[in-house]
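Residue numbers (the numbering used here): 19 to 417.
Idealized CB from N, CA, C, for every residue including glycine.
If you're wondering where the values come from, they're calculated on a predicted model, not measured in any experiment.
The structure under discussion appears below in the form of structure tokens.
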Ligand SMILES: [Zn+2]
């Protein structure tokens, strides 16, 4: 997520903090120190309120992290690589490279997060109830209540909340149709998000301004995420059954590896508007060169450097086979933010798959009535086309 700071690594998973979380940390500490603790535990010195507020905020941060780690560790144990965990204003997200491949895996992965929150909350609450009133007891009670709320909130059955994923996995398990399950869970998510927004407006106009804004914001965030999930599932429906060969450009622009970077820029990139060019030696595909590689070469070196010097060699290029399913290659393009995928048969380059071609193909298929469920109220193209946004492959949920 842009605007995130890497703060460390736990079990090999990068932990990042988004700047919005730091704002919330300050705000939370302040509201605990002047609101919550003095209200429920009156008569303590001001310093005590501030110290326990800082501790309680940081421990809440640790609880949200534990919730995310539970998702991520289960995902990894089930063979789904996890890149990082980002903590932001509404909680946390685990950034997965792929979506779960079976209903059972999705169920466990989604459920273990709220379960962790409920266990932390239950234990803190149970201990807190048995201790005499003290600063430690106050912090434990606060953590107990917030974690229990966190667990319950995340079990609300609307996508993208954990509960929505649980719902999706159950429908998926019963119907064996993941897209249908996603569609239903996303629609429930939209409905719940709208309820949140309405509740926010109601609170706002009945004098509870702060809670109104906060609930409204959560609703807005949920609405964005559930609509994106819905759009993605619709896109997958449009592309289902299509192979790479049907969508690729069968006559891509190619260059030999020995030409200079200047020749590449002037003859291909500038005059033909190519953003990525396949490098072919004889008949063999040897690499890919894109604007990103050209940008790294200083202008005065353009005559000396050759395409071979700067290209991404074949071993490090994501390629597709012509007979591959398009829906198989799309998540890969999305998670690595790739716009072009060379299509290779054996050693030979047979085409180029690009984001533009995919969008074009979808539009044609839609025009032919390929999508009975196409909904014109939704933004088009969907926001989760590869390369358009950075967060389409996440496992988002507000915590
Ligand atoms: Zn979660």
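Next on the checklist: Please classify residue 34 as buried or exposed, where buried requires at least 16 neighbouring CB atoms within 10 angstroms.
Outcome noted: Position 16 of the chain shown, counting from 1, holds the residue named residue 34. Buried: at least 16 other Cβ atoms inside 10 Å.
Item to check | Inter-residue spacing [alpha-carbon to alpha-carbon] between residue 472 and residue 158 | outcome: The requested residue 472 is not part of the displayed model; the chain covers only 19 to 417.
Checklist entry - What are the start and end residues of the alpha helix (DSSP H) that includes residue 253? => result The count along the chain shown starts at 1 and reaches residue 253 at position 235. First-last of the alpha helix (DSSP H) with residue 253: 227-257.
Checklist entry - Would residue 186 be called buried (16 or more neighbouring beta carbons within 10 Å of its own) or exposed? => result Here residue 186 refers to the residue found at position 168 when the chain shown is read from its first residue. It is buried - the Cβ of residue 186 has at least 16 other Cβ atoms within 10 Å.
Checklist entry - Is DSSP giving residue 122 helix, strand or coil here? => result Numbered from its first residue, the chain shown carries residue 122 at position 104. Residue 122 falls in the helix class under three-state DSSP.
Item to check | Three-way DSSP call (helix, strand, coil) for residue 343 in this model | outcome: As a position in the chain shown, residue 343 is number 325, starting the count at 1. Residue state, collapsed to three classes: strand.
Next on the checklist: Check whether the stretch 205-220 and the stretch 230-248 touch, using three or more Cβ-Cβ pairs below 8 Å as the test.
Outcome noted: yes
Checklist entry - Can you give the Cα-Cα distance for residue 299 and residue 331, rounded to whole angstroms? => result Position 281 of the chain shown, counted from the start, is the residue given in the question as residue 299. Position 313 of the chain shown, counted from the start, is the residue given in the question as residue 331. Between residue 299 and residue 331, the C-alpha separation is close to 12 Å.
Next on the checklist: Quick check on the burial criterion: 16 or more other C-beta atoms within 10 angstroms. Buried or exposed for residue 57?
Outcome noted: Taking the chain shown and counting its residues from 1, the one referred to as residue 57 is at position 39. Under this definition residue 57 is an exposed residue.
Next on the checklist: Rounding to the nearest angstrom, what Cα-Cα distance links residue 290 and residue 128 in this structure?
Outcome noted: Against the chain shown, residue 290 aligns to sequence position 272. Against the chain shown, residue 128 aligns to sequence position 110. Rounded to the nearest angstrom, the two C-alpha atoms are 47 Å apart.
Checklist entry - Looking at residue 203 and residue 134, is the spacing between their C-beta atoms short of 7 Å? => result Within the chain shown, numbered from 1, the residue matching residue 134 stands at position 116. Within the chain shown, numbered from 1, the residue matching residue 203 stands at position 185. In this structure, residue 203 does not lie closer than 7 Å to residue 134 by Cβ.
Item to check | Nonlocal neighbours in the same chain, by C-beta distance under 8 Å from residue 339, ignoring five residues either side | outcome: As a working note, residue 339 is residue 321 in the chain shown. Excluding residues within five positions, the ones whose Cβ falls inside 8 Å are 262, 361, 362 and 363.
Next on the checklist: Rounded to whole angstroms, what is the Cα-Cα separation between residue 367 and residue 102?
Outcome noted: Counted from its first residue, the chain shown places residue 367 at position 349. Counted from its first residue, the chain shown places residue 102 at position 84. So the two alpha carbons sit approximately 34 Å from each other.
Checklist entry - Between the C-alpha atoms of residue 303 and residue 384, what's the straight-line distance to the nearest angstrom? => result Taking the first residue of the chain shown as position 1, residue 303 is located at position 285. Taking the first residue of the chain shown as position 1, residue 384 is located at position 366. If you take the alpha carbons of residue 303 and residue 384, they lie about 33 Å apart.
Next on the checklist: Measuring only from the beta carbon, is residue 218 closer than 6 Å to any heavy atom that is part of ligand 1?
Outcome noted: Along the chain shown, read from residue 1 onward, the residue named residue 218 stands at position 200. Not so, every heavy atom of ligand 1 lies at least 6 Å from the Cβ.
Checklist entry - Just the Cα atoms here: how many angstroms apart are residue 131 and residue 279? => result Counting from 1 along the chain shown, the entry for residue 131 is found at position 113. Counting from 1 along the chain shown, the entry for residue 279 is found at position 261. If I take the Cα positions, the gap works out to 50 Å.
Item to check | Straight-line Cα distance separating residue 322 from residue 273 | outcome: As a first step, residue 273 is located in the chain shown; it is residue number 255 there, counting from the start. As a first step, residue 322 is located in the chain shown; it is residue number 304 there, counting from the start. Between residue 273 and residue 322, the C-alpha separation is close to 17 Å.
Next on the checklist: For residue 335, which residues in the same chain have their Cβ closer than 6 Å to its Cβ, ignoring the five residues on either side in sequence?
Outcome noted: As a working note, residue 335 is residue 317 in the chain shown. Once the five neighbours on either side are set aside, the close Cβ partners of residue 335 are 306.
Next on the checklist: On the CB-based measure, 16 or more other CB atoms within 10 Å of its CB, does residue 29 come out buried or exposed?
Outcome noted: Counting from 1 along the chain shown, the entry for residue 29 is found at position 11. Residue 29 is exposed by the Cβ-count criterion.
Checklist entry - What three-state label does DSSP hand residue 370 in the structure shown? => result Here residue 370 refers to the residue found at position 352 of the chain shown. In this structure, residue 370 counts as strand in the three-state DSSP scheme.
Checklist entry - Which of the three DSSP states, helix, strand or coil, is assigned to residue 177? => result Walking along the chain shown from the start, residue 177 turns up at place 159. The answer is coil: DSSP assigns residue 177 none of H, G, I, E or B.
Checklist entry - From what residue to what residue does the beta strand (DSSP E) around residue 363 run? => result Here residue 363 refers to the residue found at position 345 of the chain shown. Residues 358-363.
Checklist entry - For residue 253, which of 145, 381, 179 and 76 has the nearest alpha-carbon? => result Within the chain shown, residue 253 is the residue found at index 235, counting from 1. Measuring from the Cα of residue 253, the nearest candidate turns out to be 381.
Next on the checklist: Please report the straight-line C-alpha distance between residue 38 and residue 333, rounded to a whole angstrom.
Outcome noted: Here residue 38 is taken as the residue at index 20 of the chain shown, counted from 1. Here residue 333 is taken as the residue at index 315 of the chain shown, counted from 1. Each residue's Cα considered, the two are about 39 Å apart.
Item to check | For residue 408, three-class secondary structure by DSSP | outcome: Here residue 408 refers to the residue found at position 390 when the chain shown is read from its first residue. Since pLDDT at residue 408 reaches only 35, below the 50 mark, its modelled position is unreliable, and the value read off the structure follows with that caveat. If DSSP states are grouped into helix, strand and coil, residue 408 belongs with coil.
Checklist entry - Mind pulling the alpha helix (DSSP H) runs of 4 or more residues that sit fully within the stretch 290-347? => result 309-313 and 325-328
Item to check | Opening and closing residue of the beta strand (DSSP E) in which residue 162 lies | outcome: Against the chain shown, residue 162 aligns to sequence position 144. From DSSP, residue 162 is part of no beta strand (DSSP E) but of the alpha helix (DSSP H) over 153-172.
Checklist entry - When the Cα atoms are used, what is the spatial distance from residue 294 to residue 22? => result Walking along the chain shown from the start, residue 294 turns up at place 276. Walking along the chain shown from the start, residue 22 turns up at place 4. For residue 294 and residue 22, the distance between alpha carbons rounds to 29 Å.
Next on the checklist: I need the straight-line Cα distance from residue 228 to residue 326, nearest angstrom please.
Outcome noted: In the chain shown, the residue the question calls residue 228 occupies position 210. In the chain shown, the residue the question calls residue 326 occupies position 308. Rounded to the nearest angstrom, the two C-alpha atoms are 59 Å apart.
Next on the checklist: Quick check: the Cα distance between residue 170 and residue 215, rounded to an integer number of angstroms?
Outcome noted: Within the chain shown, numbered from 1, the residue matching residue 170 stands at position 152. Within the chain shown, numbered from 1, the residue matching residue 215 stands at position 197. Cα to Cα, residue 170 sits roughly 19 Å from residue 215.
Checklist entry - Between which two residues does the alpha helix (DSSP H) harbouring residue 198 extend? => result Along the chain shown, read from residue 1 onward, the residue named residue 198 stands at position 180. Taken as a continuous stretch (DSSP letters only), the alpha helix (DSSP H) holding residue 198 covers 196-223.
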